[in-house]
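Below is one structure, written out as structure tokens; the observations come after it.
Shown next as structure tokens:
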């Protein structure tokens, strides 16, 4: 049969910034270096999947930690510890993913899985899940689902993340590991809050209008190099115009 489509990683800030007004970043993820300095990142993103859709077992890009907030439906999660020998025996470095099905494992084909330990939960509407750095995870949608997810890197865990990720062959040459040290290293870790934090504050701006003045030039530069960003530029420019922020090409080029 035909596999159900899975709408993954729709960037709220590029595709529908209006939703950012109703969205608060979980407090534990609000001291986010990526939101402030890693401007190519798309997070937070909207993820919508029909019943039966799924993601295979994988680690997130650059082993970033992430959270997911579920608004509708149910998601079945299965995870393994990062150093689990049984599951790591079937990790494909070139894919940053695993070759076996975590929800229906073939123990004859993958015998070392008998030594693996799996952890699982079913996420329901209104619940949030946190996945630490580098933790392998797979998800199956038990119902039609809508969620928002975000990878993040905070100043408190920066040293730990670099030590365990940037020394690995698959990420050692990544600009995320070395290209932002001058920004990352000067940030003093903040105390966590249990309350959601507005997205513009996480990015270091006092309000969404100021965020527009900072984000529009970044997006404009990317749209100049990549045609697929031009549509995003139109969306964000229209939104920011409603916030009283309208910049000409000449003004955008000055930033």
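Numbering (our numbering), first residue to last: 519 to 773.
For glycine and all other residues, C-beta sits at the position ideal for the given N, C-alpha and C.
Please look up how many angstroms separate the CB atoms of residue i and residue j, rounded, as I've assumed it's under 8 Å.
i           : j           : result
residue 756 : residue 734 : Wrong, their Cβ atoms sit about 11 Å apart, outside the cutoff.
residue 681 : residue 556 : Rounded, the Cβ-Cβ distance is 19 Å, inconsistent with contact.
residue 590 : residue 544 : Between residue 544 and residue 590 the Cβ distance is about 18 Å, and since that is not below 8 Å, they are no contact.
residue 656 : residue 620 : 4 Å
residue 538 : residue 585 : Not quite, the Cβ-Cβ distance comes to about 16 Å (not below 8 Å), so this is no contact.
residue 575 : residue 625 : The pair is not a contact, with the Cβ atoms about 15 Å apart (cut-off 8 Å).
Is residue i helix, strand or coil by DSSP?
i           : result
residue 553 : helix
residue 716 : strand
residue 769 : helix
residue 673 : helix
residue 750 : helix
residue 626 : coil
residue 523 : coil
residue 617 : coil
residue 682 : helix
residue 634 : coil
residue 590 : strand
Go ahead and label residue i buried or exposed: buried means 16 or more other beta carbons lie within 10 angstroms of its beta carbon, across all protein chains shown.
i           : result
residue 707 : exposed
residue 669 : buried
residue 654 : buried
residue 580 : buried
residue 700 : exposed
Within the continuous beta strand (DSSP E) that includes residue i, where are the two ends?
i           : result
residue 696 : Where residue 696 is concerned, there is no enclosing beta strand (DSSP E), although the alpha helix (DSSP H) it sits in stretches over 693 to 696.
residue 605 : No beta strand (DSSP E) holds residue 605; the alpha helix (DSSP H) holding it covers 603 to 606.
residue 594 : 593 to 597
residue 700 : Note, residue 700: premise wrong, no beta strand (DSSP E); alpha helix (DSSP H) at 699 to 702.
residue 638 : 637 to 641
residue 530 : Here residue 530 belongs to no beta strand (DSSP E); instead the alpha helix (DSSP H) covers 530 to 533.
residue 567 : 563 to 567
Starting from residue i, trace the alpha helix (DSSP H) in both directions and tell me its first and last residue.
i           : result
residue 728 : 726 to 743
residue 660 : No alpha helix (DSSP H) contains residue 660, which DSSP labels as neither H nor E.
Can you name, in chain order, every residue of its own chain whose Cβ lies under 8 Å from the Cβ of residue i, other than the five neighbours on each side?
i           : result
residue 753 : 532, 533, 534 and 535
residue 782 : No statement about residue 782 is possible, as the shown extent of the chain runs from 519 to 773 and does not include it.
Leaving out five residues on either side along the sequence, give the residues of the same chain with a beta carbon under 7 Å from the beta carbon of residue i.
i           : result
residue 548 : 711, 715 and 720
Using a Cβ-Cβ cutoff of less than 6 Å, which residues in the same chain neighbour residue i once the five nearest sequence positions on both sides are dropped?
i           : result
residue 559 : 552
residue 571 : 522, 524 and 659
residue 607 : 630
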